[in-house]
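Working notes for the structure below.
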Amino acid sequence: MTDSPRPHGSPSPDADLHGAAPDDHGPRDDAGLLDAGPRDDAERDAGLRDRWHDTLLAARAGADGPDPLPYAENLLARWAEPQRRYHTTAHLAAVLDGIDTLAGHAADVHAVRLAAWFHDAVYRPDRSENEERSAALAERALPEAGVPEAVVAEVARLVRLTLTHDPAEGDRNGEALCDADLAVLAGNPQEYGAYAARVREEYGFVPDGAFREGRAAVLRQLLDLPRLFRTPHGAAVWEARARHNLATELELLASSGPTAR
């Protein structure tokens with residue numbers, strides 16, 4: 000995971016994707032957003048609508064289906080919920096950009112792109128069932144949207160895989176999605192600093208000491224992995240930078256207060 004451990008809680012039912020309101024609970028403090036301004040957000044959302052349209056039509060493989068736009072609007076509304084600071088439409092766009100970079104590695108890039116759209120479609124920072132609930136949403140919405148059963152199953156599998164970011168050897172779709180999701184760890188110092196700040200804002204309800212302990216545990220877990228990235232591009236271009244960033248953040252956390260070991 001690229002964020003901090005989430006406490007367990009009881010899930011609430013999710014609305015269907017088509018024509019229903021997204022789950023809109025959770026922290027409501029809107030201060031300190033680091034995202035781009037309204038014009039940039041509008042341009043990004045317009046681009047995301049186009050990307051969704053093209054991906055959904057490609058995944059249908061010529062089959063008929065309903066208008067893609069209502070699905071895009073509902074998903075974008077979910078990704079723009081007020082409790083989000085890092086898991087926003089900016090993150091969705093970044094993951095899709097990463098998949099574009101890794102497209103040649105994926106066995107079914109359309110399934111991987113659909114999985115990116117759904118992988119945090121249900122997101123509460125105080126809950127631990129987000130991946131499962133997001134996968135269940137995909138399993139309900141995509142058949143209605145005209146996506147073949149086999150592709151729906153693959154999308155749901157990939158969404159669930161983002162709980163661990165541990166694809167099996169040879170799982171090319173899983174490797175592409177997980178590497179794209181973790182690519183934020185390999186940003187330049189300013190980008191990584193903004194990412195870390197967004198994560199802290201998203202967990203603003205967690206006291207500083209508890210957050211430092213949980214975040215440090217996540218960073219150590221990542222650094223202990225034999226490799227963060229599974230694709231050739233990720234290993235060659237992102238691995239070293241990501242490890243440097245993780246180690247630097249861990250040092251900063253240690254210097255700002257005690258962390259459990």
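Sequential numbering from 0 applies to the sequence shown in numbering that gives the first Met the number 0.
Cβ coordinates follow ideal geometry from the N, Cα and C atoms, glycine included.
These numbers come from a predicted model, not from an experiment.
- Three-way DSSP call (helix, strand, coil) for residue 126 in this model: By 1-based counting over the sequence shown, the position of residue 126 is 127. The answer is coil: DSSP assigns residue 126 none of H, G, I, E or B.
- residue 113 vs residue 58 beta-carbon contact at 9 Å: Position 114 of the sequence shown holds residue 113. Position 59 of the sequence shown holds residue 58. Cβ distance < 9 Å, so residue 113 and residue 58 count as in contact.
- Counting along the chain, where does the alpha helix (DSSP H) carrying residue 80 start and finish? The residue you call residue 80 lines up with position 81 of the sequence shown. Counting along the chain, residue 80 falls outside any alpha helix (DSSP H), and DSSP gives it neither H nor E.
- When we look at the beta-carbon of residue 187 and count the other beta-carbons within 10 Å, is it buried (16 or more) or exposed? Walking along the sequence shown from the start, residue 187 turns up at place 188. Around the beta-carbon of residue 187, fewer than 16 other beta-carbon atoms lie within 10 Å, marking it exposed.
- Give, in chain order, every unbroken run of the alpha helix (DSSP H) that is at least 4 residues long and sits entirely within the segment 41-111. The qualifying runs are 68-78 and 88-100.
- Message: Starting from residue 247, trace the alpha helix (DSSP H) in both directions and tell me its first and last residue.
- Response: On the sequence shown, position 248 is the one that residue 247 refers to. Per DSSP, residue 247 belongs to the alpha helix (DSSP H) from 238-255.
- Message: Considering only the alpha carbon of each residue, which of 228, 236 and 217 lies closest to residue 249?
- Response: Locating residue 249 in the sequence shown gives position 250, where the first residue counts as 1. Of the candidates 228, 236 and 217, the one whose C-alpha sits nearest the C-alpha of residue 249 is 217.
- Anticipated Cβ contact below 8 Å, residue 44 with residue 88, distance rounded: The residue labelled residue 44 in the question sits at position 45 within the sequence shown. The residue labelled residue 88 in the question sits at position 89 within the sequence shown. The beta carbons of residue 44 and residue 88 sit about 6 Å from each other, so the pair counts as a contact at 8 Å.
- Item | Exposed unless 16 or more other CB atoms sit within 10 angstroms - verdict on residue 173 | The residue given as residue 173 occupies position 174 in the sequence shown. Looking at its Cβ environment, which holds 16 or more other Cβ atoms inside 10 Å, residue 173 is buried.
- Cβ pair residue 85, residue 200 closer than 9 Å: One-based indexing of the sequence shown puts residue 85 at position 86. One-based indexing of the sequence shown puts residue 200 at position 201. In contact: residue 85 and residue 200 (Cβ atoms closer than 9 Å).
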